[in-house]
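Peer 1: Here the protein sequences line up with chains A and B, keeping their order. All residue numbers for the first sequence refer to our numbering, where the first residue is 1 and numbers rise by one. All residue numbers for the second sequence refer to our numbering, where the first residue is 10001 and numbers rise by one. Pasting a structure below so you can have a look.
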Amino acid sequence: MLILFCPHCGVEADETELAPGGEAHLRREGPGSADEAFEGYLFGRVNPKGVHFERWRHAYGCGKWFLAARDTATMRVWGTYPASEAGPPDPLRDAVTADRPGWAWRDLGGAA
Amino acid sequence: MSTRLSTGGRLLDRSRSLRFSFDGHAAEGFAGDTLASALLASGRMLLGRSFKYHRPRGLLAAGVEEPNALVNLGEGERMEPNRRATSVPLRDGLVATSQNRWPSLETDVGAVNDALGRFLPAGFYYKTFMWPGAFWKSVYEPFIRRAAGLGRVPKGRDPDRYEHFYAHVDVLVAGGGVAGLAATLAAGRAGRRVLLMEQEGWWGGRAGVDAPEIDGMTAPAWIERTVAELRRMPNVRMRLRAQVAGIYDHGYAVAAEDLEALAPGRHEGPRQRLWRIRARRIVAATGAIERPLAFAGNDVPGVMLASAVRDYLANWAVSVGDRVVVVTNNDDAYRTALAVHRAGLVVPVIVDARPRPEGELVQRAREMGLRIEAGRGIAKVHGRKRVRGVTLCALAGEGSGLEDIACDAVAMSGGWSPAVHLWSHCGGKLLWDEAAALFRPDRDRPPRGADGEPMVLSAGSADGALRTADVLASGLLAGAEAAGSDEEPAPLAAHDAEEGPILPVWVMPQGASPELRRKMWLDFQNDVKVSDVELAAREGFIAVEHAKRYTTLGMATDQGKTSNINGLAVLSQSVQLPIPEVGTTTFRPPYTPLTLGAIAGVAKGDLFQPVRETPMHAWHAAHGAVWEPVGLWRRPWAYLREGEDRHAAALREVTAVRRQVGMLDASTLGKIVVKGPDAGRFLDMIYTGVMSTLPVGKCRYGLICSENGFLIDDGVVARLSEDAWLCHTTTGGAERIHAHMEDWLQCEWHDWRVFTANLTEQWAQIVVAGPRARAVLERLGGMDLSAAALPHMTWAEGMLAGLPVRVHRISFSGELSFEIAVPAASGLALWEAIREAGAPEGITPYGTEAMHILRAEKGYIMIGEETDGTVIPQDLNLGWAISRKKPDYIGKRAQERSHMASPLRWRLVGLETMNGSVLPEGAYILAPGQNAVGQRNTQGRVTSTYYSPTLARGIAMALLERGPERMDEVVEVARKGADPVLARVVDPVLYDKAGERLHG
Ligand SMILES: [Zn+2]
């Protein structure tokens, strides 16, 4: 049972307060997109064992969406940030890199 | 015979005797007894029957690891099956019965399975119950069901109360033995908030029994002093009879507190309490569990763990037998021999598998004149319901008897296994300690918390420390580490006997014949023997997890606490791999079974789930409502009059709306206000149609799709002002659609200036529908409701019956209809005012069933009836509600995919049965031929089906392949157990096709 810090209201929220929202940083493909691109957006998920970026909603709290950087195997959480961010903030990336040199996720990654 | 000694028993209060009964026989014990110790004291060794062979079973252990002594505890509604007699404190009037026997424990018919044992080997179920398939229902399943399960399910509702407790602490210490006490001391002195939990009813664990010297005093004195010191610390909380049952991610722990056991017979309040704990660090000081030895007949009642034999002696002054043979591969069991001897009982022989035992305890036994047979094993145990004797053999041989020795009990020890369960629940890894022959926590691979730091620290014998000084040191260290303290805790001196090395012995004797191996039990509850594990290995089940499931080793209610290590060691020998390469099975919570009552807590009965009620709920209840649950809401399905059944009531209500006027509580409809400079643009993305162009004062029907293109909700949108829209959703959709809007707003278009507010509960809503609707409402006075002032698909604010209202001219019935929103607090007042005003017309309250029939007669779709998550608006002929001009909306791109645009999709039609009957709900429309697995092909399904009182016939809506192109065609609709029904494909709008009635 996870605890995640909600960056909007500043609460250490228990998993029972949260709703999971799957993979973070998906880029929406709308009308006019190629079939392959749209398929990737709609169905293609990375589901890694290790470093992952994912969406959570503080559903039974402030109601806001945020994103979390988590190791899906060890449950290590490097941090959370508002869902409006286009990518993980630099200090967070550095924290992941310090812990998991050479990590890679989608087109993100850290130096080995 | 087992019996009570005249003196001793450190946990007993001999001044209070308690009466109890077992299988109807009355017996007596003392306060401080467990049910197990009291039964032993009264001479009872036979306590149950095993699961598969119905072998006689006595006590093996004295603690939670006990696999055999499971009883039905209590009577009637309070009866609880599968309770371990070792964990039940005795109380006056306690009633227990044995399990898994018929007609009685002494004479059990199922024991015939034992004689057939050779024909019930590992994997028997899988091999036997394979085919023919038809045998499953009639033969195999009844057989397995009769054989399965040990206890009986209690009848009736559990009358007791249970509760949940939440706790947030810095350090949780699991286990109140000397290691746990030392850890608590260290963390407590460092000022941390500490919670210490101990599963038994006393502190100090087994140190009170073996009484080593600690800090210059006897262990019991040290325990007393330490507990007193901890009690003085305001930052330390301590609980007895509370077991930390499971560890989960991020320091979440679940513990079960047995409040009933804290005050046996005098207990009030909740029976059990489930603790839900968040701890920054957890110290697992859960002790170790002694292993049995695998020799033939090791399951005969009277063969017990050596530590249990001396626990019964020291704690409860119970002698398990007059002549106790001790069999061991380590020094610790000598403590049992010495204790039995000191109690004035006879130890005929200590059978030691080791060729040259020579520890301090061994020396002491020699000095006392006890006979030690080194390099020997037990070839077999004599007796069936009770040990009568043993035959000795050479450990290295095949089991030829050297000597028969009469005895009535055998105390065995195969060494100790650290209780690594809590360490392992959340991913902590183990390493095999070759010298000590045990798995212990690998400190380099601990379970880690959210911060990446070790979350669980293991201490004491749970960490593999078996000597008292090491146990205390590791406890102090773990406590200080968990507290994050830099200071090294002051060490505690301790002394106990020097011990010689253990000799791992997994099968006794080593060259035992197959005949003997068939009598060597590993799992006593599930009847898994050495021969079963070996057979599994021969048949290819060489992975430990496979062998476990094939043999059922460790799958009983005790989860293999005494059998897992022995089983995997036998497997390792069979497959000739070292033990660490075979590995252990996964340790899963809970450590011992939790009751369903504790898990449920107060969430039962009325508190199981919240029920949402509209402001008019009580009125409905008082006027004959029968309820339909819709989400958490309760809506009136229909209002029953005297002598009316629910279907007659619904038909009456439909007719009243069509002919006169009816009223419906629509308060449950979702009402979401969307407001802001970008609200119009946002709603154009949310809905398939255009909402930005809707003039203020007007209403428009809208469809909401998921990004996959599927229709997920519908409803009428009213434009309230230049920058605000009111979006009605379905009853079940309010929260879901509000969350859907927020998701897109926050995550995709986060720079758009829009606010959403779910105001569903702020407004009550009443539908007044029927030809006389306007006439009724006009009597309330306050606003102009004429067709000119308030035409169809408009809304207006004003006063009705002196209450502030917003009146929408929208219709879900096809009749002239007003949907009136009023602040929730005034909902009932308006409802009653309308009812009174409509009295001349006999205004009829109607429920959801009438609402459904009315909308189905009009061909209006219903989310969840016509849609099932795979239906797009185009399937429902709702293309008119989809904007072709908009460049984008959620779901638009998906609806362009080839499958979505296929001409062969199932699309909405009406169906009229040729004979006027009502079609079954969900029925398939048949197509010629069969599919690849021999099922009849289908080409559509019935989505809504009712008897229409208006048309006096069955009506239905259905999705049919190319449906709208096939008007007037006659199709076959499947029925269960009957011939298909013929139905004609028709326009789904079956009543008032021109739509004139809704204008009034
Ligand atoms: Zn929050």
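Glycine residues also receive a C-beta, built at the ideal position from the N, C-alpha and C atoms.
(1) Measuring CB to CB, does Asn10286(B) end up less than 8 angstroms from Ala10419(B)?
(2) How about Ala83(A): is its C-beta nearer than 8 angstroms to some C-beta of chain B?
(3) For Phe10755(B), does the count of other Cβ atoms within 10 angstroms reach 16, so buried, or fall short, so exposed?
(4) Would you kindly work out how many angstroms separate the C-alpha atoms of Leu10522(B) and Val10381(B), rounded to a whole number?
(5) Any beta carbon of chain A sitting closer than 8 angstroms to that of Arg10448(B)?
(6) I want to verify the contact list: residues of chain A whose CB lies under 8 angstroms from the CB of Gly10265(B), in sequence order.
(7) Using a Cβ-Cβ cut-off of less than 7 angstroms, list which residues of the segment 10736–10756 of chain B approach chain A; keep chain order.
(8) Please identify, using Cβ separations under 8 angstroms, the residues of the segment 10865–10894 of chain B that lie next to chain A, in order along the chain.
(9) Is His10250(B) close to chain A? Criterion is C-beta to C-beta, closer than 8 angstroms.
(10) On the criterion of 16 or more Cβ atoms from any shown chain inside 10 Å, does Gln10930(B) qualify as buried, or is it exposed?
(11) Hey, which residues come within less than 7 angstroms of ligand 1, measuring from Cβ to any heavy atom, in chain order?
(12) Could you tell me the distance, in whole angstroms, from the CA atom of Gln10099(B) to the CA atom of Ile10247(B)?
(13) Mind checking which residues open and close the alpha helix (DSSP H) that includes Lys10380(B)?
(14) Please decide whether Gly10452(B) counts as near chain A, where near means a Cβ-Cβ distance under 8 angstroms.
(15) Any beta-carbon of chain A closer than 8 angstroms to the one on Asn10708(B)?
(16) Quick one: using the 10 Å Cβ neighbour count with 16 as the cut-off for buried, is His10168(B) buried or exposed?
(17) Out of Leu10703(B), Asp10160(B), Arg10049(B), state which residue places its alpha-carbon closest to the alpha-carbon of Glu10106(B).
(18) Within 8 angstroms (strictly less), CB to CB, does Glu10896(B) reach chain A?
(19) Quick one: what's got a C-beta closer than 6 angstroms to Asp10784(B)'s C-beta in the same chain, skipping five residues either side?
(20) Between which two residues does the beta strand (DSSP E) harbouring Ile10672(B) extend?
(21) So, do the segment 10069–10081 of chain B and the segment 10281–10296 of chain B have three or more beta carbon pairs nearer to each other than 8 angstroms?
(22) Work out the CA separation of Gly10732(B) and Glu10836(B) for me, nearest whole Å.
(23) Counting Cβ pairs closer than 8 angstroms, one from the segment 10427–10445 of chain B and one from the segment 10393–10412 of chain B, do we hit at least three?
(24) Check whether the Cβ atoms of Leu10828(B) and Ala10801(B) lie closer than 8 angstroms to each other.
(25) Identify the continuous alpha helix (DSSP H) that holds Gln10573(B) and give its terminal residues.
(26) Go ahead and label Glu10487(B) buried or exposed: buried means 16 or more other beta carbons lie within 10 angstroms of its beta carbon, across all protein chains shown.
(27) Since Val10602(B) and Glu10163(B) should fall inside the 8 angstroms C-beta cutoff, what is the C-beta to C-beta distance between them, to a whole number of angstroms?
(28) Which residue or residues does DSSP assign as beta-bridge partners of Val10582(B)?
(29) Report yes if the C-beta distance between Gly10864(B) and Gly10709(B) is below 8 angstroms; otherwise report no.
(30) Would you call Lys10993(B) buried or exposed, if buried means 16 or more other Cβ atoms sit within 10 Å of its Cβ?
(31) Out of Ser10667(B), His10421(B), Leu10438(B), state which residue places its alpha-carbon closest to the alpha-carbon of Gly10415(B).
(32) When you compare the segment 43–58 of chain A with the segment 67–86 of chain A, are there three or more beta-carbon pairs, one atom per stretch, that lie closer than 8 angstroms?
(33) Pop quiz: Ala10263(B) and Gln10243(B) are said to be a contact at Cβ under 8 angstroms. What is the actual Cβ separation, rounded to whole angstroms?
(34) When you compare the CB positions of Arg10941(B) and Gly10910(B), do they come within less than 8 angstroms of one another, or not?
(35) In the DSSP assignment, find the unbroken alpha helix (DSSP H) run with Glu10257(B) in it and report its ends.
(36) For Gly10770(B), which residues of its own chain have a beta-carbon under 6 angstroms away from its beta-carbon, when the five flanking residues on both sides are left out?
Peer 2: In brief:
(1) Looking at the sequence provided, one finds Thr at residue 10286(B) rather than Asn. Yes. Within cutoff.
(2) yes
(3) exposed
(4) 15 angstroms
(5) yes
(6) Simply none; closest approach about 36 angstroms.
(7) Glu10742, Asp10743, Gln10746, Cys10747, Glu10748, His10750
(8) Pro10887, Asp10888, Lys10892, Arg10893, Ala10894
(9) yes
(10) exposed
(11) Cys6(A), His8(A), Cys9(A), Val11(A), Ala13(A), His58(A), Gly61(A), Cys62(A), Lys64(A)
(12) 31 angstroms
(13) Careful: Lys10380(B) lies outside any alpha helix (DSSP H), inside the beta strand (DSSP E) at 10376–10382.
(14) yes
(15) yes
(16) exposed
(17) Arg10049(B)
(18) yes
(19) none
(20) 10670–10675
(21) no
(22) 30 angstroms
(23) no
(24) no
(25) 10564–10575
(26) exposed
(27) 6 angstroms
(28) Beta-bridge pairing links Val10582(B) to no other residue.
(29) no
(30) exposed
(31) Leu10438(B)
(32) yes
(33) Rounded, the Cβ-Cβ distance is 17 angstroms, inconsistent with contact.
(34) no
(35) Careful: Glu10257(B) lies outside any alpha helix (DSSP H), inside the beta strand (DSSP E) at 10252–10258.
(36) Val10657, Gln10660, Val10661, Gly10662, Glu10815
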